[in-house]
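Presented below is the structure to which this report refers.
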Amino acid sequence: MAKKMLPAAANKLLSALLHTGTIAPGRPPRAARSSPAVVHRCAPPAARLAGAGTTLVVDVDGALLLPRRSLLFAYFMLVALESGSFLRGLALLLLYPAIALLEALGGRGMAVRAMAAVAFCGLRAGTFRAGRSVLPRWLLEDVAAEALEAARRAGDPARVVWASAMPRVMVEPFLREYLQVPAAAAVAASEMRTAWGLYTGLMECGEATSSVLRKNAAAGGDDDDDVVGFSAGSSSMDFLRSPLASICKELYVASPEEQSKWRRLRRRDYPSPLVFHDGRLAFLPTPIGAVAMFMWLPLGAVLSVARLAVAMALPYRYATALLAATGQSWRLRGALPPDSRGAASGQLYACNHRTLIDPVYVSIALDRQVRAVSYSLSRVSDMLSPIGATVHLVRDRARDGAAMARLLGRGDSVVVCPEGTTCREPYLLRFSPLFAELGGERGVVPVALAVESSMFYGTTASGWKGVDPFYYLANPRMCYTVEFLDRVDTAAVGEGKAASTDVANRVQRIIAAALGYECTMLTRKDKYLMLVGNDGAVAVAPPRRQR
Numbered sequence: 001m002a003k004k005m006l007p008a009a010a011n012k013l014l015s016a017l018l019h020t021g022t023i024a025p026g027r028p029p030r031a032a033r034s035s036p037a038v039v040h041r042c043a044p045p046a047a048r049l050a051g052a053g054t055t056l057v058v059d060v061d062g063a064l065l066l067p068r069r070s071l072l073f074a075y076f077m078l079v080a081l082e083s084g085s086f087l088r089g090l091a092l093l094l095l096y097p098a099i100a101l102l103e104a105l106g107g108r109g110m111a112v113r114a115m116a117a118v119a120f121c122g123l124r125a126g127t128f129r130a131g132r133s134v135l136p137r138w139l140l141e142d143v144a145a146e147a148l149e150a151a152r153r154a155g156d157p158a159r160v161v162w163a164s165a166m167p168r169v170m171v172e173p174f175l176r177e178y179l180q181v182p183a184a185a186a187v188a189a190s191e192m193r194t195a196w197g198l199y200t201g202l203m204e205c206g207e208a209t210s211s212v213l214r215k216n217a218a219a220g221g222d223d224d225d226d227v228v229g230f231s232a233g234s235s236s237m238d239f240l241r242s243p244l245a246s247i248c249k250e251l252y253v254a255s256p257e258e259q260s261k262w263r264r265l266r267r268r269d270y271p272s273p274l275v276f277h278d279g280r281l282a283f284l285p286t287p288i289g290a291v292a293m294f295m296w297l298p299l300g301a302v303l304s305v306a307r308l309a310v311a312m313a314l315p316y317r318y319a320t321a322l323l324a325a326t327g328q329s330w331r332l333r334g335a336l337p338p339d340s341r342g343a344a345s346g347q348l349y350a351c352n353h354r355t356l357i358d359p360v361y362v363s364i365a366l367d368r369q370v371r372a373v374s375y376s377l378s379r380v381s382d383m384l385s386p387i388g389a390t391v392h393l394v395r396d397r398a399r400d401g402a403a404m405a406r407l408l409g410r411g412d413s414v415v416v417c418p419e420g421t422t423c424r425e426p427y428l429l430r431f432s433p434l435f436a437e438l439g440g441e442r443g444v445v446p447v448a449l450a451v452e453s454s455m456f457y458g459t460t461a462s463g464w465k466g467v468d469p470f471y472y473l474a475n476p477r478m479c480y481t482v483e484f485l486d487r488v489d490t491a492a493v494g495e496g497k498a499a500s501t502d503v504a505n506r507v508q509r510i511i512a513a514a515l516g517y518e519c520t521m522l523t524r525k526d527k528y529l530m531l532v533g534n535d536g537a538v539a540v541a542p543p544r545r546q547r
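Have a look at this one:
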């Protein structure tokens, strides 16, 4: 008897794991409609959504995001890699065939629950920020402009329900902060269960979904409850089988042919600009991309050490040629500035900040040593710097100004990044005006820098900064572009005839114009508050004795 009960109990447990979250505790039964919903093979027209009492249910995964095979897998792989580790990502990749089989047999929902179990199980819920700092950068790239425009046709934005099979922590920050979905609008997504502050990997029905269904059940599903659904493409069947689709009077499902004509939302059309994002990966880890990355990792690790050894051991003219053969290249745009060697005072170079290697490439382009100043740099990066020790600033205006003036007085060429932190997107953060007060009669030479990486970003806000140079050097291919711009006169600042902030803003605009970037007034504090949840302040090490 016990042997017969064991398979039944195992099947019951497996069913609970696979179908967790399909029914929320205490949720009232769904009211059945007297007649089936009418299905239209097109996007909802504006006239249909103009009514003040119409509720629009948008399938985020099927309609809002452009169709791409294994798209949701790539998002869960980002969570596994950026919030977990390479081992967790490898486990998810090895399980991909089984996940694909689950999707074929049981639909998208079953595959999502399996991927969530692998990606989330054991992660700390209190420190999980990938949904806000990593995923929006990739989700925005997959938004269909036509689908977003159709969703905006709703007469009342607060009556739009955004439905997704992904967990709420993955999709809601993207919708609220970048698509400007109002707080009154519901995001119908599952919640990740937690225990002792850790994600268990199990999903349960979200409160927003339950509230929508309760409201419809309370209304009895009568004709006054006008709910319209919107999905698209081949994945619409998963949405049509969902509880939210069953309460819709009409369903608008764009055909795959129509969806294939949709275009990506252009960057300038983003409802909110994407200025900051975090994470190590510079590509979307689809199954094929993830396989390529894991095959490259061992070679990339060895190559990063070899590239660093070459850069530190050989002169620039030999090292750059050898490194270019390995895929690490750079280009000079425009002409070099006049040689400042032999002058009574040094030359100050102000550049935008892309990675911690910025001063190294300025030094390579000038073919001479420069002194770099930085607000925060790990000890590992400082020890491995090919241009010598970095001068650490302490965010004290008087002390920092004196340290930089001392270097310039000795005739050193000094490279400063007035933004104070890196920015990956085509924006420039606010320039600190201190450098404009130190240029003197020689002024400041603006330097425009651009960097291209194929696999990994060489910066992070939440990770260990000590491995930043190794991530950059582990790329299969990367390229720096250096452009020296016309010197900006700063003598008027020392004479009190011009404000240092005006000169700093002018340098910012000159560099932005050369790169085609946009100027902002955002700062390091804004970046870290958004990506990490703190102001980015670090403990300042005792100042090192300068030789």
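Just so we're aligned: 225 in UniProt numbering is position 225 of the sequence shown, and the numbers increase by one with no gaps anywhere. Glycine included, every Cβ here is placed at the ideal spot set by N, Cα and C.
How big is the Cα-Cα spacing for residue 586 and Pro173? The question about residue 586 has no answer here: the residues shown for the chain are numbered 1 through 547.
Could you tell me how far apart the beta carbons of Ser363 and Pro469 are, in whole angstroms, since I believe they sit closer than 8 Å? Going by Cβ atoms, the distance from Ser363 to Pro469 rounds to 15 Å, so no, they are not a contact pair.
Quick one: grab the DSSP three-state call for Ser374. strand
Nearest to Phe86 (by Cα), restricted to the options Gly279, Val60, Val187, Ala185: Gly279
According to DSSP, simplified to helix, strand and coil, what is Ser133? helix
Determine the direct distance from the alpha carbon of Arg442 to that of Leu531, and round the result to whole angstroms. 38 Å
Taking Thr459 as the reference, which of Val181, Thr422, Val360 has the closest Cα? Thr422
What is the DSSP secondary structure of Gly21, counted as helix, strand or coil? Note on Gly21: pLDDT 41, under 50, position unreliable in the model; no value is reported.
Let me check understanding here. Comparing Cα to Cα, which of Tyr178, Tyr517, His353, Leu366 lies closest to Val373? His353
Consult DSSP for Leu66 and reduce its assignment to one of helix, strand or coil. coil
Please determine, among Ala145, Pro167, Glu82, the residue with the shortest C-alpha to C-alpha distance to Ala130. Glu82
When we look at the beta-carbon of Glu495 and count the other beta-carbons within 10 Å, is it buried (16 or more) or exposed? exposed
Identify, in the order they occur along the chain, each residue of the same chain with its Cβ nearer than 6 Å to the Cβ of Arg159, setting aside the five sequence neighbours on each side. Thr55
Determine the DSSP secondary structure at Thr320, reduced to helix, strand or coil. helix
Just how far apart, CA to CA, sit Met192 and Pro338? 60 Å
Just checking my contact of residue 559 with Leu428 at CB under 8 Å: how many whole Å lie between their CB atoms? A question about residue 559 goes unanswered here, because the residues of the chain that appear run from 1 up to 547.
So, using beta-carbon positions, are Ala116 and Ile99 closer together than 8 Å? no
Whose C-beta lies closer than 8 Å to the C-beta of Tyr75 among residues of the same chain, with five residues either side of it excluded? Leu135, Trp138, Leu139, Met166, Met170
Hey, which unbroken runs of the beta strand (DSSP E) at 3 residues or more fall wholly within the region 446 to 489? 478 to 484
Does Ala189 come out as helix, strand or coil in the three-state DSSP assignment? strand
Gly411 to Gln347 span [Cα, whole Å]: 7 Å
Identity of the residue in Asp367, Gly327, Ala63, Cys121 nearest Ala80 by Cα: Cys121
Using a Cβ-Cβ cutoff of less than 7 Å, which residues in the same chain neighbour Leu95 once the five nearest sequence positions on both sides are dropped? Val118
How about Val228 and Glu250: are their beta carbons less than 8 Å apart? yes
Just how far apart, CA to CA, sit Ala325 and Leu515? 27 Å
Kindly give me the distance between the Cβ atoms of Ser255 and Arg41, rounded to whole angstroms, as I take these residues to be in contact under 8 Å. 5 Å
Same chain, Cβ closer than 8 Å to Ala306, neighbours up to 5 away in sequence not counted: Thr326
With DSSP as the reference, label Pro287 as helix, strand or coil. helix
Beta carbon of Ile510 nearer than 8 Å to that of Pro446: yes
Alpha carbons only, please: which of Leu92, Gly197, Leu323, Ala301 is nearest the one belonging to Ala311? Leu323
Using the C-alpha atoms, what's the distance from Gly463 back to Tyr480? 23 Å
With distances taken from CA atoms, which of Trp330, Glu149, Ser70, Asn475 is nearest Ala104? Ser70
Apart from the five residues on each side of it in sequence, which residues of its chain come closer than 7 Å, Cβ to Cβ, to Glu425? Leu274, Val275
Unbroken stretches of the beta strand (DSSP E), 3 residues or longer, contained in the region 241 to 298: 250 to 254
Taking Thr490 and Val444 to be in contact with their CB atoms under 8 Å, please state how far apart those CB atoms are, rounded to whole angstroms. 6 Å
Report the option in Gly197, Leu92, Arg487 whose CA atom is closest to the CA atom of Gly439. Arg487
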